[in-house]
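Please read the structure below before turning to the comments.
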Amino acid sequence: MNFADLFSHIGQHTVDGLSKGAIYALIALGYTLVYGVLRLINFAHSEVFMVGTFAVLGLWTALGVENNPPLGQAVLFLVLGLIVAAIASGGTALAIERVAYRPLRRKNAPPLIFLITAIGLSLVLVEVFGLVLPKLLGDLVPSMFGRGRIILGMPTIIEQKTLFTIGNTEINNVQLIVIVSAVAMMAVLDWFINRTRYGRGVRAVAQNPETAALMGVNQERVIMLIFVLGGIMAGAAALLWGMRFGFTQNSIGFVLGLKAFTAAVLGGIGNLRGALLGGLFLGIVEVYGATIFASNWEDVIAFVVLVIVLMFRPTGILGESLGRARA
Amino acid sequence: MIDKIRDLDRKRTNALHSVGDRWRALPKWQRALSFVAFVIFLYYLPLLGIPGLTWLRTDSISGGSNWAGVLFTCAVYVLVAIGLNVVIGLAGLLDLGYIGFFAIGAYAVALFGSVNSPVVKWIQAEFNLPTTWAVAWAICVFIALVMSLISGVILGWPTLRLRGDYLAIVTLGFGEIIRIVARNLEGVTRGPQGISAIPGPEGPPSPDNQVFGLVDVKPWYWLAITVVLLMVFAVRRLENSRVGRSWLAIREDEDAAAVMGVYPFKFKLWAFAIGAALGGFAGFLFASRYAFIDPTQFNVNLSILFVAMVVVGGSGNMVGVSVGAVLLAYLPERFREVADYRWLAFGLAMVLVMILRPQGLIPSTRRARELKDRAAEAEEAPAHV
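In order, the protein sequence lines correspond to chains A and B. For the first sequence, my numbering gives the first residue as 32, with consecutive numbering after it. For the second sequence, my numbering gives the first residue as 2, with consecutive numbering after it.
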């Protein structure tokens with residue numbers, strides 16, 4: 032129990048928590064979008080994120096990126112990284128939908144069957160990146176796969192240094208970039224869902240699929256759209272993760288996915304703004320908790336939060352439902 | 002390609018059905034006789050020396066593992082599958098944290114039965130007992146059962162009111178929590194160092210043990226298979242009782258069951274607690290046999306593998322889930338060259354089985370009918386998402 036440290040550095044812990052939570056929030060969007068429309072937990076979404084981190088690593092390896100490139104190049108690498116990660120993650124999400132979920136939807140399978148399929152897919156993806164690809168390509172690109180199932184370092188694109196200090200709170204440049212870009216991505220997505228024609232289709236299907244179909248909304252297209260959107264957000268999260276923490280592994284998705292799901296439930300699953308709020312809140316709670324107890328209890332804190340939320344307010348802070356946000 | 006697989010699968014199912022029909026048509030004494038023969042064969046398996054069948058033995062390949070040891074693992078996994086089948090197959094609750102109960106059972110015998118455990122040392126100091134004292138193995142059985150049962154109730158009480166998919170994620174978190182707690186609470190579980198000298202039926206491991214030693218695993222297998230047979234019998238009785246019928250009713254339609262006077266929460270909690278106790282029992286056997294455990298043995302991935310063996314084998318059908326468990330434990334040991342790929346294979350198997358044949362390889366008749374009904378409903382009303 033170390034309350035003294037928590038209170039003397041509360042600002043620092045808050046900033047650390049926010050920068051962590053911003054990444055959770057971006058991943059949580061994928062769960063929330065799919066849940067809002069299909070009422071199903073896309074368990075394989077954590078692997079969509081994992082594929083994104085590998086895409087970023089692959090791109091930077093292919094470009095021969097060194098540590099700490101000059102600023103102009105760094106920006107270029109980041110933009111390219113975002114594009115590649117978004118394509119890889121969005122593509123993976125779409126592939127998951129086409130391969131696994133669509134045939135099941137045709138058969139009107141019970142929800143648990145969807146979930147088990149997703150778990151199987153997630154296992155397959157983890158193994159493809161931890162075993163199959165290293166066997167095939169391990170010798171060709173050792174920095175990307177190695178012998179498989181190992182932690183892989185990424186080059187540092189922007190060196191982390193203190194930007195400015197408020198009181199005893201040091202704000203780090205990468206942390207700031209992570210928080211700001213996550214919030215910006217969220218804002219764009221929120222605008223897309225609430226203000227555009229496609230977004231209106233998504234909300235219509237979320238509210239009432241039959242009526243939406245009668246009004247001429249192509250349901251299959253909406254479903255593809257939400258998987259791709261969730262994938263793009265996971266890709267962005269993957270890039271930010273690479274910048275901030277600088278490593279990846281084939282099994283990285285599991286714990287992060289669970290936490291992002293917790294964030295989605297915490298904010299109200301199916302609610303876009305809820306995902307942001309839940310993510311940031313969870314990040315802060317986790318860092319505070321880790322300070323009070325010890326850092327090796329961090330994961331336990333997230334799960335305990337999940338159980339408490341589900342017990343007392345299963346609809347989350349802001350309430351569920353994507354459809355309720357009306358035009 | 003997929004059509005070809007479907008066709009083969011249909012032929013295989015028809016063969017299974019005709020075997021099943023022929024089996025049921027046999028006179029009772031013949032059925033009883035063949036059942037006894039099968040049980041005797043199970044007990045004979047570790048000595049397997051029938052010419053033509055010896056290639057089944059895992060030590061028939063170079064560097065293969067101890068055949069009885071593999072059989073023991075198979076038996077423990079079958080016990081796990083039977084327990085998980087109560088939760089997933091009968092009550093229709095997806096439990097992704099089953100490894101947590103397995104770990105609790107294992108840690109129960111380790112913490113109370115081993116002289117090296119901090120808990121035993123504390124009791125010794127508190128009551129002035131000799132340093133060789135520890136809780137007897139036979140009493141540890143009950144401690145393990147009670148601890149895992151209680152943990153099942155503690156986890157189930159707040160979470161079983163939730164929707165099924167939420168339950169899955171919460172249990173997944175639970176499995177991970179148990180592992181982290183075992184790793185972090187060094188004062189109680191010795192953390193990553195693990196606990197050694199876990200007792201067997203003859204007390205702590207020592208060279209004087211005549212039957213249950215570390216080298217000869219055959220007695221362990223016989224012990225495990227006895228437990229499995231007893232549990233198969235017990236669960237079968239349960240399945241055909243009022244409780245079992247209530248589980249099926251809840252699985253097929255919770256609201257309808259509630260209207261008919263079956264209180265879903267109560268029976269779900271029962272399923273959860275019984276499943277947890279069986280998982281704890283399996284963990285208990287596992288820990289006694291290896292005499293050493295540490296937190297890394299209770300990885301959450303294993304939990305997902307447990308689910309895989311139940312759903313691939315055919316949830317709801319005890320023969321199906323047992324076959325799933327044996328495949329999972331046996332194939333990687335016998336065919337070493339594919340051992341690396343077992344996670345991938347089981348992931349793929351899960352996806353393929355769920356898409357092509359959601360009732361599993363050896364399905365329960367009732368479950369297959371249920372899924373068919375749903376598919377028929379989907380054809381009538383294609384607008385549903």
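All C-beta atoms in this analysis are idealised placements derived from N, C-alpha and C, irrespective of residue type, glycine included.
Query                                                                                                                                    : Result
C-beta contact flag for residue 318/A and residue 274/A at 8 Å                                                                           : no
C-beta atoms of residue 291/A and residue 66/A nearer than 8 Å                                                                           : no
Neighbouring residues, chain B, relative to residue 141/A (Cβ below 7 Å)                                                                 : 375
DSSP three-state assignment for residue 196/A, whether helix, strand or coil                                                             : strand
Reference residue 309/B; option with closest CA among 203/A, 187/A, 143/A                                                                : 143/A
Residue 261/B vs residue 312/B beta-carbon contact at 8 Å                                                                                : no
Residue 356/A - DSSP class collapsed to helix/strand/coil                                                                                : Below a pLDDT of 50, predicted positions are generally treated as unreliable, and residue 356/A, at 46, falls in that range; the measurement from the model is reported next regardless. DSSP places residue 356/A in coil when its eight states are reduced to three.
Nearest candidate by alpha-carbon position, reference residue 180/A, set 278/A, 323/A, 130/A, 145/A                                      : 278/A
Beta-carbon neighbours of residue 342/A, restricted to chain B and to distances below 7 Å                                                : 159
Residue of 140/A, 90/A, 89/A, 194/A minimising C-alpha distance to residue 46/A                                                          : 194/A
Short CB-CB distance (under 8 Å) between residue 165/B and chain A                                                                       : yes
Top-ranked residue by Cα proximity to residue 97/A, from 200/A, 303/A, 184/A, 310/A                                                      : 184/A
Chain B contact for residue 346/A (CB, 8 Å cutoff)                                                                                       : no
Meets three-Cβ-pair contact criterion under 8 Å: the stretch 324–332 of chain B and the stretch 134–150 of chain A                       : no
Contact list for the stretch 340–351 of chain B against chain A, Cβ threshold 8 Å                                                        : 341, 342, 344, 345, 347, 348, 349, 350, 351
Short Cβ contact (8 Å threshold) for residue 179/B with residue 43/B                                                                     : no
Members of the stretch 115–135 of chain B near chain A, C-beta cut-off 7 Å                                                               : none
Nearest to residue 310/A (by Cα), restricted to the options 63/A, 32/A, 104/A                                                            : 63/A
7 Å Cβ shell around residue 306/B - same chain, five flanking residues per side excluded                                                 : 329, 347
Short Cβ contact (8 Å threshold) for residue 403/B with residue 96/B                                                                     : Because chain B spans 2 through 386 in this model, residue 403/B falls outside it and cannot be assessed.
Test: residue 334/B CB closer than 8 Å to a CB of chain A                                                                                : no
Of the listed residues 361/B, 344/B, 369/B, 66/B, nearest to residue 360/A (C-alpha basis)                                               : Only positions 32 to 358 of chain A appear in this structure, which leaves residue 360/A out of reach.
Residue 235/B, buried or exposed, once every other Cβ within 10 Å from all chains shown has been counted against 16                      : exposed
Contact under 8 Å by Cβ, residue 337/A with residue 304/A                                                                                : no
Nonlocal neighbours in the same chain, by C-beta distance under 7 Å from residue 18/B, ignoring five residues either side                : none
Alpha-carbon spacing of residue 292/B relative to residue 81/A, whole angstroms                                                          : 37 Å
Residue 331/A versus 287/A, 298/A, 132/A, 346/A, residue with shortest Cα-Cα distance                                                    : 287/A
Cutoff 8 Å: residue 138/A Cβ touching any chain B Cβ                                                                                     : yes
In DSSP terms, what residue 294/B is bridged to                                                                                          : 196/B
Reduced DSSP category for residue 49/A - H, G, I as helix; E, B as strand; rest coil                                                     : helix
Residue 133/B - containing alpha helix (DSSP H), residue span                                                                            : Residue 133/B -> no alpha helix (DSSP H), and no H or E assigned at all.
Cβ-based neighbour list, residue 259/B, same chain, cut-off 6 Å, excluding 5 preceding and 5 following                                   : 265
Contacts around residue 384/B, its chain only, beta-carbon distance under 8 Å, and the 5 residues preceding and following it disregarded : Bear in mind that a pLDDT of 44 at residue 384/B, under 50, signals an unreliable position, so the model cannot answer this.
Buried versus exposed call for residue 299/B [16 or more other C-beta atoms within 10 Å across all chains shown]                         : buried
Neighbour flag for residue 272/A against chain B, beta carbons, 8 Å                                                                      : no
Contacting residues, own chain, Cβ-Cβ under 6 Å from residue 374/B (five flanking each side not counted)                                 : none
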